[in-house]
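Structure first, then comments.
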Amino acid sequence: MVTKNTDLAYRSKQLHEKLIYWRRNFHKFPELSFQEKRTSEEIEKALRLIGGYEIEKGVGGYGIIATLHAGDGPVIGLRADMDALPIQEQSDVSYHSRCDGVMHACGHDAHVSILLGTAQLLAEDAARGALNGTVRLIFQPAEENCDEKGETGAIKMINTGKLNNLDAVLALHMCPWRKRGEIQVHDGPSMANNDDFHLIIEGKGGHAGYPQHVTDPLWIATYLLQALYSLNGRKIDPLQVGTLSVGQINGGDANNVIPNSVEIKGTMRSYTSEVREKMIAEIHQAAQIVTSLGGNYKLTIHRGEPALYNNSTMNKIIRNSASPMAVYDEPFGMGSEDFSYFTEKMPGAMFFLGCGLERERSLHQSDFDIDEEAMQDGVRILTQCVYEWQRLKGGRG
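Quick note, the sequence shown lines up with residues 53 to 449 if you use the numbering used here.
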């Protein structure tokens, strides 16, 4: 039967050159969130050459849904994000970014290529009657950023209603801290709630030589910063996952002038809704220090992606499909992923696919790169997951 891991490993290996071609093509011409026009066109072109798919374009922006119908059975979604980052690439590879200040530094070029490879294997299987059910391939724009409404590509695609009939959904992410032949999975919360805050401390500026005549917002900020940083260790249960970090402090234009205001911007990360709400409440409480010291403040909190919740049943499917690879059961860290909007609404899971090179690169690093042979593993695992899901639901495979 075509669904054995060993058979899929051979067939995935046969796609090696095509996977590299796709990935390097996307890598050379990266596009930022909400600007993925060329990327979307190249995906559509590849899908039409593969054949067998019903293609819907312009879903939630430049998103594409490619549907493979193979009779009655469960409907599973496989998702890949396609946008790049505002990073200037610093590498000497032949396929380096041709777009100034834009780079695929998070592996989305590989995600799309892996999903295209999976599309080819599934289309071949459907053509010979080895597939039962429906597969929707979700090529999602704008994972890295949100628009003026605070919506990412995942929200926009979901809001179209075109994915309402999914029974389950899966995704992968390149993992540079794991080598090829390894994956990382975790049940439950695995990436963080992501909330940003913007605090403006308003005082009364003046001559730095006469501080008694001003209300110094910089001085007030020193007390507020202590309160903010204490949230991690004194307001949040040490057994819970939650952290706050300040990323920007802006105030003043001259060394002898006390400014009228200071801006503080930062992020809060958490794994549970309880900790999320606790941190938001505590930052409101901490901000009251400003008024007690004679100033005023404005506090804005932007709620970003929810925590990524991985369904244990879907993770079991991933573990079975990855065999005989090494499986590490650990959370993915305090980053965020808008795939979490999918897993809020349906059973789903994301796994991290080992792709590390001899010299490890971090995600979002200006010389990020991958072991391209790992893409074969991604194709094999995703394809096998479809059959494992069908077996679980009583279909063929």
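C-beta: ideal position from N, C-alpha, C; glycine also.
Where the alpha helix (DSSP H) containing residue i begins and where it ends
{"i": "residue 169", "result": "160-179"}
{"i": "residue 109", "result": "Premise fails: residue 109 lies in the beta strand (DSSP E), 106-111, not in any alpha helix (DSSP H)."}
{"i": "residue 526", "result": "Residue 526 lies beyond the residue range present for the chain, which begins at 53 and ends at 449; the question has no answer from this structure."}
Straight-line Cα distance separating residue j from residue i
{"i": "residue 290", "j": "residue 327", "result": "11 Å"}
{"i": "residue 178", "j": "residue 144", "result": "41 Å"}
{"i": "residue 245", "j": "residue 264", "result": "43 Å"}
{"i": "residue 444", "j": "residue 350", "result": "52 Å"}
{"i": "residue 437", "j": "residue 158", "result": "23 Å"}
{"i": "residue 449", "j": "residue 235", "result": "Because the pLDDT at residue 449 is just 45, under 50, the model does not fix this residue reliably, and the value given afterwards should be weighed accordingly. In a straight line, the C-alpha of residue 449 is about 23 Å away from that of residue 235."}
{"i": "residue 65", "j": "residue 313", "result": "59 Å"}
{"i": "residue 218", "j": "residue 398", "result": "8 Å"}
{"i": "residue 423", "j": "residue 307", "result": "50 Å"}
{"i": "residue 54", "j": "residue 390", "result": "Any reading at residue 54 must be qualified, since the residue scores a pLDDT of 41, below 50, and its modelled position is unreliable; the value itself is stated next. So the alpha carbons of these two residues sit roughly 33 Å apart."}
{"i": "residue 372", "j": "residue 278", "result": "48 Å"}
{"i": "residue 318", "j": "residue 302", "result": "12 Å"}
{"i": "residue 173", "j": "residue 435", "result": "7 Å"}
{"i": "residue 361", "j": "residue 369", "result": "15 Å"}
{"i": "residue 215", "j": "residue 183", "result": "20 Å"}
{"i": "residue 73", "j": "residue 411", "result": "23 Å"}
{"i": "residue 282", "j": "residue 63", "result": "54 Å"}
{"i": "residue 207", "j": "residue 201", "result": "11 Å"}
{"i": "residue 141", "j": "residue 309", "result": "39 Å"}
{"i": "residue 71", "j": "residue 96", "result": "15 Å"}
{"i": "residue 268", "j": "residue 345", "result": "9 Å"}
{"i": "residue 108", "j": "residue 176", "result": "20 Å"}
{"i": "residue 382", "j": "residue 414", "result": "18 Å"}
{"i": "residue 439", "j": "residue 374", "result": "13 Å"}
Proximity below 8 Å, CB of residue i to CB of residue j
{"i": "residue 352", "j": "residue 321", "result": "no"}
{"i": "residue 112", "j": "residue 212", "result": "yes"}
{"i": "residue 315", "j": "residue 300", "result": "yes"}
{"i": "residue 356", "j": "residue 199", "result": "no"}
{"i": "residue 193", "j": "residue 81", "result": "no"}
{"i": "residue 125", "j": "residue 442", "result": "yes"}
{"i": "residue 324", "j": "residue 363", "result": "no"}
{"i": "residue 428", "j": "residue 160", "result": "no"}
{"i": "residue 280", "j": "residue 253", "result": "no"}
{"i": "residue 171", "j": "residue 114", "result": "no"}
{"i": "residue 446", "j": "residue 224", "result": "no"}
{"i": "residue 311", "j": "residue 257", "result": "yes"}
DSSP state of residue i mapped onto helix, strand, coil
{"i": "residue 78", "result": "helix"}
{"i": "residue 373", "result": "helix"}
{"i": "residue 155", "result": "strand"}
{"i": "residue 394", "result": "helix"}
{"i": "residue 304", "result": "coil"}
{"i": "residue 212", "result": "coil"}
{"i": "residue 417", "result": "coil"}
{"i": "residue 241", "result": "strand"}
{"i": "residue 70", "result": "helix"}
{"i": "residue 448", "result": "With a pLDDT of 48 at residue 448, under the threshold of 50, the modelled position of that residue is not reliable, and the figure given next carries that caveat. Looking at residue 448 - three-state DSSP - the assignment turns out to be coil, as it is neither helix nor strand."}
{"i": "residue 54", "result": "Since pLDDT at residue 54 reaches only 41, below the 50 mark, its modelled position is unreliable, and no value is offered."}
{"i": "residue 361", "result": "strand"}
{"i": "residue 337", "result": "helix"}
{"i": "residue 207", "result": "helix"}
{"i": "residue 314", "result": "strand"}
{"i": "residue 432", "result": "helix"}
{"i": "residue 257", "result": "coil"}
{"i": "residue 342", "result": "helix"}
{"i": "residue 442", "result": "helix"}
{"i": "residue 355", "result": "strand"}
{"i": "residue 182", "result": "coil"}
{"i": "residue 286", "result": "helix"}
{"i": "residue 330", "result": "helix"}
{"i": "residue 236", "result": "strand"}
Where the beta strand (DSSP E) through residue i begins and ends
{"i": "residue 139", "result": "First-last for residue 139: undefined, no H or E at that position."}
{"i": "residue 227", "result": "220-227"}
{"i": "residue 250", "result": "245-254"}
{"i": "residue 280", "result": "Residue 280 -> not in any beta strand (DSSP E); alpha helix (DSSP H) instead, spanning 269-282."}
{"i": "residue 118", "result": "115-122"}
{"i": "residue 190", "result": "185-192"}
{"i": "residue 265", "result": "First-last for residue 265: undefined, no H or E at that position."}
{"i": "residue 422", "result": "Run containing residue 422: none; DSSP gives neither H nor E here."}
{"i": "residue 148", "result": "Taken as a continuous stretch (DSSP letters only), residue 148 belongs to no beta strand (DSSP E), as it is neither H nor E."}
{"i": "residue 324", "result": "Careful: residue 324 lies outside any beta strand (DSSP E) and carries neither H nor E."}
{"i": "residue 379", "result": "378-381"}
Short CB-CB distance (under 8 Å) between residue i and chain B
{"i": "residue 86", "result": "Checking the listed chains, one finds no chain B in this structure; it contains a single protein chain."}
Near the ligand FAD: residue i beta-carbon under 7 Å from a heavy atom
{"i": "residue 357", "result": "The ligand FAD is not among the ligands present in this structure, which contains no ligands whatsoever."}
Check: Three or more beta-carbon pairs under 8 Å between the segment 414-428 and the segment 235-245, yes or no?
Finding: no
Report yes or no: do three or more beta-carbon pairs, one from the segment 60-77 and one from the segment 155-173, lie closer than 8 Å? yes
message: With three or more beta-carbon pairs closer than 8 Å as the criterion, would you say the segment 187-207 touches the segment 128-143?
response: yes
Touching or not, the segment 213-232 and the segment 399-412, by the rule of three or more beta carbon pairs under 8 Å? yes
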